[in-house]
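Asker: Chains as they are written, first to last, in my numbering: chain A, 5 to 502; chain B, 53 to 540; chain C, 1254 to 1486; chain D, 112 to 227. Backbone N, C-alpha and C define an ideal beta-carbon position, used for all residues, glycine too. Please read these numbers as outputs of a predicted model, since none were measured by experiment. Quick one: this structure, given as structure tokens, is what I'll be asking you about.
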Amino acid sequence: MTLSVLMPVFALMTSLLASVILFALPEKGYRLRTIINLAAAILKIALVGVMIWGVAHGREYEAAFTMVPGVEFVLRADALSMLFAGLSALLWLLTTIYAVGYLEDSPNRSRFFGFFSLCVASTMGIALAGNLFTFFLFYEMLTLSTYPLVVHRGTTKALRAGRNYIIYTLTGGAVLLFAIAWLHGLVGDLRFQEGGYFSDVDPSLNGPLTIIFVLMMVGLGVKAALVPFHGWLPQAMVAPAPVSALLHAVAVVKAGAFGIIRVVFEIYGLEAAEAMGLLAGLSVVAALTIIYGSTRALYQVDLKRRLAFSTVSQVSYIVLGLCLFGPLGVIGGLVHLVHQGIMKITLFFCAGNYAETLGVHRIDELDGAGKRMPGTSVAFTLGAFGMIGAPPLAGFITKWTMGAGALEVGMDWVVAVLVISSLLNAAYFLPILHRLWFAEQCEPWPHERRWGRLETSAWLLWPPLITATLMVLAGLLANVPFSPLSWAELIVLREVAL
Amino acid sequence: MTLWLMAGLLFTPLAWAVLTLMVDFRKGRLVTWLGMAVQVLVSLGLWAAVASDGGFLYLLGGWQAPLGIELRVDGLAVTFVLLTALVAAACGWHASIYLDPGKPWHRYFWPLFWFLWAGLNAVWLGGDLFNLYVGLELISLAAVGLVALGGQADALRAAIRYLMAALLGSLAYLLGVALIYGQFGTLSLAGVTELMNSGDAQSGQTFPLVLMLLGLALKTALFPMHGWLPPAHGIAKSPVSALLSALVVKASFYIAARLWLDLGGELGGFALAQLIGVLGSLAIIWGSWLAFRQTKLKQVVAYSSVAQIGYLFLLFPLTWGVTEAISLQAQQGITLQVISHALAKAAMFLAAGNLIMSVGSNRVDALAGVSRFLPFSLFSFGLAGVSLMGLPPTGGFAAKWLLLQASLASGQWWWLAVLLAGGLLSAAYVFRVYRASFIESTDTDQFYHPSRSLEVIPMILALMSLGLGLVAEPVLSVMSLPFEGGGQ
Amino acid sequence: MSRFLGITVLAAVCLVFAGALMITVWQIAGTQAPVDLPGLLADNLEASGVEHPITAVLLNFRSYDTLLEIGVLVIAGIAGISMANTASLEDPELRTSDSLLYALQRWFVPLMLVLAGYLLWAGSDRPGGAFQAGAVLAASGVMMRLGGIPMEFLRPGVLLRLGLALGFSVFLLVAVVSAMAGDAFLAYPDAFTKPLILIIETVLTFSIAMVLLALFVSAPVNGAEEPEEGESG
Amino acid sequence: MTPSLLYAFAGVALCGIGLFGFLRLQHLLRKLMAFNLIGSGVFLVMVGLAQRNGQPDPVPQALVLTGIVVAIAATALAVVLIRRYYHLSGQTTLAEPAAKSARPKARSVNREGAPE
């Protein structure tokens, strides 16, 4: 048992054990719970940081054993998994801080934080999974551990959202299982490997492989909220804000997107997938999702719902990036995995702050909120501009790289999609910003609470400010080592084998 | 050493049945704890012995088959013996706290419990067709006695229905045994198999096999002969329900599976195998649907057993007319399904009992809001549910995975749809219970926390079912150990 | 109409079943069993310790069957007394005051006891044995009971339970003692085979009679009942 | 066709009749008798088929003895259960009482939850 075996296991265990301990704690142990939560989150960041450092310097971390005859359980840290693991470790800490503040004085916290940690553990498992089987294992665990979070409030609406969520995701999971089992039957147990397996495959297998690919995209697309499998996502908005933040930024939708990346890069191989004509179809679906999500977002009056449709649209950037089939496009897609996470979590934190502090849920109630809550509103504004793609913020880096990638491989229409989408983004974000900063407050806040000198509780205020700063840094310092962009370049260099 | 272990294994349950008959419930509880410890240790020892040295034949009374009765102590049998020891000990432990010692009839729980255990071991090890019949009857009568114990009219109705079904099933099996004996002149299953494979004998008849399978399927509650199961399992005391669902129905299935694997290749046929598979599939779908429709918590769990039993019968099509490797895969999958269902269902029934005790009602609606009390039992119920849904990393998932692989490899892709749909359907009824527990209702303010040990037991079982998926490989490797035929 | 149809279908099913069974029996009857178990039995009868082959099979070659079978009987007995009324053995429905029965009983009961003893003894070399003897013994008990003779030992109590389990316990002890000696379960030591079988037969007779009688006597049903879980009772 | 085979065929007939009775009859005691009828049929088949060549085979006879004891135990248990059932419910068949089967007992309902 060397350290290289234990590291990924430890990284997984920090949140798994934390969740077990949190369940066992009595409901009233607020202080202890917070301490354990934060300690585990910080420990996890440290572990992931060490692994990122190690991976950058060429070390390998892997733990594997045979689970079922013919199938291995593999945890492995490579550059791609570190991209996702780093994101989720970082955002876990911030979301936990936020959630502690958000859920102050609300019931069932023991249950909430227990499942919350479990959810993060699943995400970490998804990041570290070394083969499809292990990936699927954590993918389903994620489904189960997020259900209690979605229905946390226990209202009829929450329960209905939870039911739809579970119907969508479990069905998607079943489809994915079918595809994985079929693939396993065809070619055996496949570890994720650079360049994939099917670059010189027997043409007779093309038919089954195509079907399997489609099935996998359906199974993963449910979580990634590809149209037409996105229905659950806007409904899941009823969950408490930290949950929405986590769901949209890291956990669920990203798990789907990350799975698509794994399958395309490291099972099929980008070239093989392109050669079989699989990417063309996927890119069309992704483009449609981008446009559709943005268009629907325009019509939402509920702030969180608008953000949710925005997620539908933004996550597909990642998928679209892959389909560009060139280094720049792929880098754009990968980096968006991180950028979108940071931007979207900022926006959700802010939305949660408005709801929690002012009782504001609808966009037309936001008039003048910028004066009442300047810190939150600055963070929101930065997030919105990032989403639109204004330089020098993180979103700009994504869109610029992807656009360049599209031109590089001659898919000019993608540039058009990017432009349209950015215009739509502007169309649904700018009115909000206008209301925040320039409209006068004409009605009293629906349900205002006060926290001393600060505009809101410190637990609630700091996380969005931090993430907003990170977002700015990710844009400004894009070329510094270990920035998301440089890391994505490292991944492309090492693993995508273009 | 193994001789001693075997003697201990056969002797302990029967002896403890007598001992506990002599004393009242409280003393019986103490006596039983001791006996359970002995029995678990002996089972573990035997399992370890077989895992290291391979299986053997145990000649009862020192007489070889066909004259005497041989016990077939192989990897599969000792795995089930160990499973029985764990599950039965858990249920017994639970019952010792759960049952009210004040009721005079509860003193008879212990002897019946021990007889049931003895019968189960007899079936797992049995290698003699007639002896298996006696073992089955021992199980059935003890089980019926447990269901009826002190019950009111509803419980008795369920018990009588159960008894009638069990008796008819046993007779069908016995008739098959009579015909087999008439043809081959021996009752040893190994002997019959050998005769059939050697080709000396005239080819056997299919009808006896069909009769036996029919009888055993009735006792296993295969669709459409499942009507007796839900009332009996639903109305019995929770520890009893757990025993019945986890182990008792598996006993008759185990015999059917052994018959099929030994004789099915010769006497069975594609149509028969597919027919049984179709019935199993219908059981999965219909049972899950009915489970979804139930208003009482324990009825949900009971109907879920009907559905889960359906999976077991996929063994028949997946092992007929396929290569050795695929057949092995299917057998391993079914074995895992038996084990994981036994653990999960026992956990579920025990947890359901605790929940019913806590909220004071047996209705699913009554669970509204209980998750805020953080009942341990709800977690156990949930974890067990995950295994029933066949989601990773549970034993249920490992089983499903192997069955998926076997269906794909054998080209019988239609079972894939059944397996996947079955998982989703079971999610429907499991999530219905979860959902109820998350409802925030204002008037749920009374919640009685049962004693810690009552809550710990289902949790242990559920965790075992969960962990089974992770250690499926080592467990299965013991099961498929080479069988060293011949003397002791 | 549908009722008639139901019967017809049912009858057809039963006829098909009987027909298939008939054909199978006929086909099997035309073959020769490949294993000559009776011959094997005859060869080993010497070693079994008893002269009558059926008794040898029951109590030696396949004694495990018999052990479990007595277990089944004990289970039935337990289930019976678990429902009996512990307070009273009196069930007025069962009591007859028929003078003829009373007279018969005075003659028959001793006779039946003797008959039971004979059947038990005969078991070793002729048809007979523990079960038959036990059944006769139980029948005499039933007769006494009908005649209104109180049999206090049948009250559900420790005596009755001891009686129920006695035969089974002795059988079990013999089985395990032989295993302790390093042999297989139920393997009698050569020198003691015959006496051991005799002892087992005797106690079994007693216990079988006891179980059957207990089932008959436990007829007065106790009214107490346990509510279903979750229902206040 | 030997005499013992005749027994076997008689057993077959008993099995058929017994099965019909078992499935058809509703009264529990009659059902139980039908069960015993099938049982006898099975025992006859067992003994008759095994001695088709004239020479007696003691093994099935011993098996049948065991089988009879088991059947008696089962019958006795069934009678005990049926008696008690009759005592508590006044019924002789397994049919659910009409009032109860329509809806679950009212007293077990603590609260009406949200409809599913």
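Would you mind reading off the limits of the alpha helix (DSSP H) that contains Arg1315(C)?
Answerer: Note, Arg1315(C): premise wrong, no alpha helix (DSSP H); not H, not E.
Asker: From Pro156(B) to Glu1322(C), what distance separates their C-alpha atoms?
Answerer: A direct Cα-Cα distance of roughly 27 Å separates Pro156(B) from Glu1322(C).
Asker: Would you say Ala213(D) lies against chain C (beta-carbon separation less than 8 Å)?
Answerer: At Ala213(D) the pLDDT is 40, less than 50, meaning the model places this residue with poor confidence and gives no usable figure here.
Asker: Contact between the segment 1290-1304 of chain C and the segment 1429-1439 of chain C is defined here as three or more beta-carbon pairs at a separation below 8 Å; is this criterion met?
Answerer: no
Asker: Excluding the 5 residues preceding and the 5 following Trp169(B) in the sequence, name in chain order all residues of the same chain whose CB lies nearer than 6 Å to its CB.
Answerer: Pro65, Ala140
Asker: Let me confirm a value: Asn483(A) is counted as buried when at least 16 other C-beta atoms fall within 10 Å, else exposed. Which label applies?
Answerer: exposed
Asker: For Phe119(A), which residues of its own chain have a beta-carbon under 6 Å away from its beta-carbon, when the five flanking residues on both sides are left out?
Answerer: Ser149, Pro152, Leu153
Asker: May I have the straight-line CA-CA distance separating His61(A) from Trp467(B), to the nearest angstrom?
Answerer: 48 Å
Asker: Count the other CB atoms within 10 Å of the CB of Ile1307(C); is the residue buried (16 or more) or exposed (fewer)?
Answerer: Counting the other Cβ atoms within 10 Å of the Cβ of Ile1307(C) gives 16 or more, which makes it buried.
Asker: Are the segment 443-450 of chain B and the segment 39-59 of chain A in contact at 8 Å, needing three or more beta carbon pairs?
Answerer: no
Asker: Comparing the C-beta of Ile170(A) with each C-beta of chain B, is any distance below 8 Å?
Answerer: At least one chain B Cβ lies under 8 Å of Ile170(A).
Asker: For Thr84(B), does the three-state DSSP call read helix, strand or coil?
Answerer: Residue state, collapsed to three classes: helix.
Asker: Nearest chain B C-beta to Tyr1371(C) closer than 8 Å, yes or no?
Answerer: no
Asker: If we count the other Cβ atoms within 10 Å of its Cβ and call it buried at 16 or more, is Val1269(C) buried or exposed?
Answerer: exposed
Asker: Who are Thr70(A)'s beta bridge partners in DSSP?
Answerer: Glu76(A)
Asker: Tell me the DSSP secondary structure of Leu1399(C) in three-state form.
Answerer: helix
Asker: List, in order along the chain, the chain C residues whose C-beta lies closer than 7 Å to that of Leu327(B)?
Answerer: Those within 7 Å of Leu327(B) in chain C number zero; the least Cβ separation is about 16 Å.
Asker: Using beta carbons (cut-off 8 Å, strictly below), is Ala1386(C) in contact with chain D?
Answerer: no
Asker: Quick one: any contact between the segment 210-228 of chain B and the segment 181-192 of chain D, if contact means 3 or more CB pairs under 8 Å?
Answerer: yes
Asker: Closer than 8 Å is the cut-off here; do at least three beta carbon pairs connect the segment 247-265 of chain A with the segment 190-197 of chain A?
Answerer: no
Asker: Can the beta-carbon of Ile1461(C) be found closer than 8 Å to that of Tyr160(B)?
Answerer: Contact flag unset, no.
Asker: Does DSSP put Glu122(B) in a helix, a strand or coil?
Answerer: Strand, per DSSP.
Asker: Return the residue from the list Val70(B), Phe77(B), Leu93(B) that minimises the CA-CA distance to Leu57(B).
Answerer: Leu93(B)
Asker: Grab the span of the alpha helix (DSSP H) containing Phe116(A) for me, first residue to last.
Answerer: 113-132
Asker: So with CB distances below 8 Å, who are the chain A contacts of Val438(B)?
Answerer: Per Cβ cutoff of 8 Å: Leu148.
Asker: Using the Cα positions of Leu122(D) and Val153(D), report the straight-line distance between them to the nearest angstrom.
Answerer: According to the sequence shown, residue 122(D) is Gly rather than Leu. Straight-line Cα distance between these residues: approximately 6 Å.
Asker: List, in order along the chain, the chain B residues whose C-beta lies closer than 8 Å to that of Val75(A)?
Answerer: Trp453
Asker: Could you tell me which residues DSSP pairs with Phe108(B) in its beta bridges?
Answerer: The partner list for Phe108(B) (beta bridge, DSSP) reads Val125(B).
Asker: Does the pairing of the segment 234-242 of chain B with the segment 319-330 of chain B give three or more beta-carbon distances under 8 Å?
Answerer: no
Asker: Quick check: the Cα distance between Leu79(A) and Gly273(A), rounded to an integer number of angstroms?
Answerer: Taken atom to atom, the span from the alpha-carbon of Leu79(A) to that of Gly273(A) is near 21 Å.
Asker: Measure from the alpha carbon of Gly166(A) to the alpha carbon of each residue in Ile491(B), Pro276(B), Ser505(B), then state which is nearest.
Answerer: Ile491(B)
Asker: Over what stretch of residues does the alpha helix (DSSP H) that includes Met145(A) continue unbroken?
Answerer: 136-154
Asker: Report all residues from its chain with a CB closer than 7 Å to the CB of Gly1(A); omit the five preceding and five following residues, and keep chain order.
Answerer: In the structure as shown, chain A begins at 5 and stops at 502. Residue 1(A) is therefore absent and cannot be evaluated.
Asker: Could you tell me whether the Cβ of Arg195(D) comes closer than 8 Å to any Cβ of chain C?
Answerer: yes
Asker: For my contact list, Leu469(A) and Asn357(A) are in at a C-beta cut-off of 8 Å; report their separation, rounded to the angstrom.
Answerer: Not quite, the Cβ-Cβ distance comes to about 11 Å (not below 8 Å), so this is no contact.
Asker: By Cβ distance below 8 Å, which residues in the same chain neighbour Val205(A) in space, the five residues on each side in sequence not counted?
Answerer: Leu213, Ala276
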